[in-house]
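*Asks:* Have a look at this one before I ask anything.
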Amino acid sequence: MEATPARARAYVLCVVLAALCCLLPLPTVHTPWWAVALLAALYAGCEQVARRRFAGTFYPVLLAAAFLLPPPAAALVPLPGALFSRVEKGPPWLRRGWRAAQLALGVWAAARVHWALGGRNAVVASDFPYALVPALAAVLAFCLVLTVLDGGILALAERMPVRRAWRGLFPRSLAPIGVHGLAGLMMAVLWRSPYGPVAALLVLLPMGVSWWVFAQYHRERAAHQATIRALVQAVDIKDGYTRGHSERVGQASMMIARELGMDDSRVEVLRFAGILHDVGKLGVPTRLLRKDGPLTPEERRVIELHPEYGHEMVRGIGFLGEARAAVLHHHERLDGSGYPYGLLGSQIPESARVVAVADAFDAMTSTRSYRRARPVSAALEELSRCAGTQFDPLMVRALVRALGRCGWHPAVTADEVQSSIVLPPSPPVSTVLRG
C-alpha cells in the first residue's frame with residue numbers, strides 16, 4: 012500500500028466506517044466484558060507469535076469469539092491485535108486500520124450468521140452434530156467477507172483488473188479458515204463446558220503445532236522457489252539473447268502436463284523442469300552462447316554438453332524429482348539421433364518429452380539475434396511435421412489443444428534488432444535449438 016492511490020484510501024476509510032457501525036449497538040447489548048478482554052488479549056498474543064514465527068494470521072480465537080459473543084462484542088476482539096501489530100511497509104496507520112476494520116467486519120458477519128442460525132444455544136448445549144451447521148455457515152460468512160474486501164483492495168491499491176482481483180481468493184482461503192473454524196468451535200464448546208476457559212486454551216496447543224508444521228512446509232517451498240529463481244537469473248544474465256525463455260518453456264510444459272491430465276504435483280514438477288532445462292548453460296562459455304551466426308562442429312559439441320552440466324547442478328536438489336531427468340534428456344529424439352545418450356522412443360523419460368516440445372515451440376516463436384521468430388501456426392505445423400521422429404506426437408497434440416483453448420503470446424527475448432538489419436529466414440526446427 013505504499014504510495015496508495017486516493018481511491019484505495021477512500022475504500023479503506025469506507026471499510027473502517029462500516030466496522031465502526033458494527034460497534035454502535037454495544038451499549039444496548041449485554042456484553043461479558045471479561046470474556047471480550049480475555050479473547051482480545053489472547054488473540055493479540057497469538058497474532059504476535061504468528062507474525063514473527065509463522066507469517067500468517069491466527070483465526071481460531073477470532074472464530075471462537077464469533078461463536079461465544081454477541082456480534083458487536085465479537086467485532087471488538089481483533090482490534091487490539093490488529094492495531095498494535097508490527098507493520099513492515101508503510102503507511103503503518105493505513106495498514107493497521109485496514110486490517111483491524113477488515114477483521115472486525117469478518118468476525119461481526121460470522122457472529123451474526125452464527126447467532127441467526129441458533130448456534131449459541133447449540134454451543135451452550137454441546138448439541139452435536141447440529142452445532143456444526145451454524146458454525147460452518149459462520150466460517151463461510153467470515154471467509155466471504157475477507158475475500159470480498161481483499162479483492163477490492165487489490166483492484167484499487169494494486170490497480171489489478173477487477174475480474175482477476177477476486178479470482179481464486181475464496182476457494183484458496185476456505186480450507187485453511189475452515190480448519191481454524193473447527194478449532195474455534197472446539198474452543199467455544201469447551202469454554203461453555205464446566206471446565207471453563209482454561210480447557211478452551213488447551214485447543215491452541217495442537218493447533219499451534221500443526222500450524223508450525225504447515226509454516227515449515229511453506230518456508231521450504233519458498234526456499235525452493237528462491238533456489239530456482241536464482242539459477243534462472245544466472246542463466247538469463249549469461250545468455251541475454253534468451254532472457255525469459257526458461258519461464259515460457261515452464262509455462263508451455265505446464266500447459267502440456269495439464270492437457271495430459273497429470274495431477275497438480277506432477278504439473279508443478281514439469282513447470283520446474285521447463286524452467287530449469289537450460290541451467291547447464293552456466294557451464295558453457297559465454298562467447299558460444301552469444302555468438303551470432305552458425306556454430307562450428309566443435310562449438311556445437313561443447314554446447315551439447317549443457318544437459319549433463321545441468322543434471323550435475325540439480326542432482327542434489329531433492330524436491331525436483333523427475334524434473335532432473337528432463338534437464339538431462341530434453342534434447343533426446345524419438346528416432347535416437349538426439350543427445351547426450353541417443354535414447355530411443357519410450358526410453359526417453361516422459362518429462363523430457365514434454366519439455367522437448369515446449370522448448371522447441373518457444374525457440375521457434377521467439378526472435379533471436381540470428382533469426383526471426385515464426386508465427387505460432389507455423390511453429391505448430393513444424394512440430395507436427397517432426398512428430399514421431401524428433402518429438403512425441405502425444406505431447407505435440409496436447410500442446411496444440413492447449414494453445415487452441417488458451418492461446419499463446421510469444422515475446423521477443425533478445426534486444427530489438429535494428430530495422431536496417433535483415434534477419435535470415437527461420438531454419439528447420441532441428442537447427443533452431445542451440446542447446
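Letter 150 of the sequence shown, counting from 1, is numbered 161 in the working numbering, and no numbers are missing.
The beta-carbon is built from N, C-alpha and C at its ideal position, and this holds for glycine as well.
1) With respect to the alpha helix (DSSP H) encompassing Thr297, which residues constitute its N-terminal and C-terminal limits?
2) Determine the closest residue to Arg408 out of Gly418, Trp419 and Val368, with distance taken between C-alpha atoms.
3) Are Ala465 and Leu196 closer than 8 Å when you measure CB to CB?
4) Phe372 lies in the alpha helix (DSSP H); which residues open and close that run?
5) Check Phe139 in the structure and name its three-state DSSP category.
6) Within a Cβ cutoff of 8 Å, which residues of the same chain sit near Pro91, ignoring the five residues on either side of it in sequence?
7) Looking at Leu300: is its Cβ nearer than 8 Å to the Cβ of Lys292?
8) Can you give the Cα-Cα distance for Leu160 and Ala112, rounded to whole angstroms?
9) Restricting to Cα atoms, I'd like to know which of Met266, Gly192 and Val290 is closest to Ile239.
10) Using DSSP bridges, identify the partner residues of Leu355.
11) Kindly indicate which residue of Leu180, Gly207 and Val72 has the alpha-carbon position closest to the one of Val190.
12) My output table needs one value for Ala245: the three-state DSSP class, helix, strand or coil.
13) As a quick exercise: from Pro145, Ala75 and Gly356, pick the residue whose alpha carbon is nearest that of Gly347.
14) Going by beta-carbon coordinates alone, are Leu339 and Glu319 separated by less than 8 Å?
15) Quick one: is Thr493 buried, meaning 16 or more other Cβ sit within 10 Å of its Cβ, or exposed?
16) If you reduce the DSSP assignment to three classes, tell me which class Ala398 lands in.
17) On a Cα-Cα basis, can you pick out the residue from Thr376, Glu315, Asp370 and Ala136 that is closest to Gly353?
18) Check Pro38 in the structure and name its three-state DSSP category.
19) Taking a contact to mean a Cβ-Cβ separation below 8 Å, would you say Ala86 touches Ala30 in this structure?
20) Taking buried to mean at least 16 other C-beta atoms within 10 Å of its own C-beta, is Gly200 buried or exposed?
21) Mapping the DSSP letters down to three states, classify Val26 as helix, strand or coil.
22) If you compare alpha carbons, which of Trp109, Leu271, His288 and Ala245 is closest to Arg259?
23) Looking at Ala146 and His125, is the spacing between their C-beta atoms short of 8 Å?
24) Taking the alpha carbon of Gln236 as the reference point, which residue from Asp275, Phe283, Arg269 and Lys249 has its own alpha carbon closest?
25) Relative to the C-alpha of Ala245, which candidate in Ile267, Ser264, Thr297 and Ala268 has its C-alpha closest?
26) What three-state label does DSSP hand Val190 in the structure shown?
27) Pro308 lies in the alpha helix (DSSP H); which residues open and close that run?
28) Around the Cβ of Glu270, are there at least 16 other Cβ atoms within 10 angstroms (buried) or fewer (exposed)?
29) Ignore the nearest five residues each way along the sequence and tell me which others in Ala121's own chain have a CB closer than 6 Å to its CB.
30) With 16 as the cutoff for other CB atoms within 10 Å, does Pro360 come out buried or exposed?
31) For Gln358, tell me which candidate among Leu345, Val366 and Tyr350 has the shortest Cα-Cα distance.
32) When the distance is taken between beta carbons, is Leu74 closer than 8 Å to Val47?
*Replies:* On the basis of the supplied data:
1) By one-based count along the sequence shown, residue 297 stands at place 286. Looking at the DSSP string, the run of the alpha helix (DSSP H) that includes Thr297 is Thr297 to Leu300.
2) Position 397 of the sequence shown, counting from 1, holds the residue named residue 408. It is Val368.
3) The chain is shown only over 12 to 446; residue 465 falls outside these bounds and no answer can be derived.
4) Numbered from its first residue, the sequence shown carries residue 372 at position 361. Where Phe372 is concerned, the enclosing alpha helix (DSSP H) stretches over Glu361 to Met375.
5) On the sequence shown, position 128 is the one that residue 139 refers to. In this structure, Phe139 counts as coil in the three-state DSSP scheme.
6) Along the sequence shown, one-based indexing puts residue 91 at 80. Cβ within range, chain order: Ala51, Ala52, Tyr54 and Ala55.
7) Working through the sequence shown from its first residue, we reach residue 300 at position 289. Working through the sequence shown from its first residue, we reach residue 292 at position 281. Going by C-beta atoms, Leu300 is nearer than 8 Å to Lys292.
8) Stepping through the sequence shown from its first residue, residue 160 is reached at position 149. Stepping through the sequence shown from its first residue, residue 112 is reached at position 101. Between Leu160 and Ala112, the C-alpha separation is close to 10 Å.
9) For this step, residue 239 is matched to residue 228 along the sequence shown. Looking at the Cα atoms, Val290 is the closest of the given residues.
10) Sequence index remark: in the sequence shown, residue 355 carries index 344 (1-based). BP columns for Leu355 point to Asp346.
11) Along the sequence shown, one-based indexing puts residue 190 at 179. Selected option, being the one with the closest Cα: Val72.
12) In the sequence shown, counting from the first residue as 1, residue 245 sits at position 234. Note: Ala245 maps to helix in three-state DSSP.
13) On the sequence shown, position 336 is the one that residue 347 refers to. For the residues Pro145, Ala75 and Gly356, the minimum Cα distance to Gly347 belongs to Gly356.
14) Taking the first residue of the sequence shown as position 1, residue 339 is located at position 328. Taking the first residue of the sequence shown as position 1, residue 319 is located at position 308. By the CB criterion at 8 Å, Leu339 and Glu319 fall inside the cutoff.
15) Any question about residue 493 goes unanswered here, given that the chain covers just 12 to 446.
16) Within the sequence shown, the letter at position 387 stands for residue 398. Residue state, collapsed to three classes: strand.
17) By one-based count along the sequence shown, residue 353 stands at place 342. Of Thr376, Glu315, Asp370 and Ala136, the residue nearest in Cα terms is Glu315.
18) Against the sequence shown, residue 38 aligns to sequence position 27. It is helical.
19) Position 75 of the sequence shown, counted from the start, is the residue given in the question as residue 86. Position 19 of the sequence shown, counted from the start, is the residue given in the question as residue 30. Contact: yes.
20) Residue numbering aside, residue 200 sits at position 189 when the sequence shown is read from its first letter. A quick correction: the sequence has Val, not Gly, at residue 200. Val200 comes out buried.
21) Here the question's residue 26 lines up with position 15 in the sequence shown. Three-state result, Val26: helix.
22) Residue numbering aside, residue 259 sits at position 248 when the sequence shown is read from its first letter. Of the candidates Trp109, Leu271, His288 and Ala245, the one whose C-alpha sits nearest the C-alpha of Arg259 is His288.
23) As a working note, residue 125 is residue 114 in the sequence shown. As a working note, residue 146 is residue 135 in the sequence shown. A contact, by the Cβ cut-off of 8 Å.
24) To locate residue 236, count along the sequence shown from 1; it is residue 225. When only C-alpha atoms are compared, the closest one is Phe283.
25) Taking the first residue of the sequence shown as 1, we reach residue 245 at position 234. Looking at the Cα atoms, Thr297 is the closest of the given residues.
26) Indexing the sequence shown from 1 puts residue 190 at position 179. In this structure, Val190 counts as helix in the three-state DSSP scheme.
27) Along the sequence shown, one-based indexing puts residue 308 at 297. Residues Pro308 to Ile314.
28) Residue numbering aside, residue 270 sits at position 259 when the sequence shown is read from its first letter. Flag for Glu270 reads buried.
29) Position 110 of the sequence shown, counting from 1, holds the residue named residue 121. Around Ala121: Ala77, Ala149, Ala152 and Phe153.
30) As a working mapping, residue 360 is identified with position 349 in the sequence shown. Classification for Pro360: buried.
31) Against the sequence shown, residue 358 aligns to sequence position 347. Comparing Cα positions, the closest option is Leu345.
32) Here residue 47 refers to the residue found at position 36 when the sequence shown is read from its first residue. Here residue 74 refers to the residue found at position 63 when the sequence shown is read from its first residue. No.
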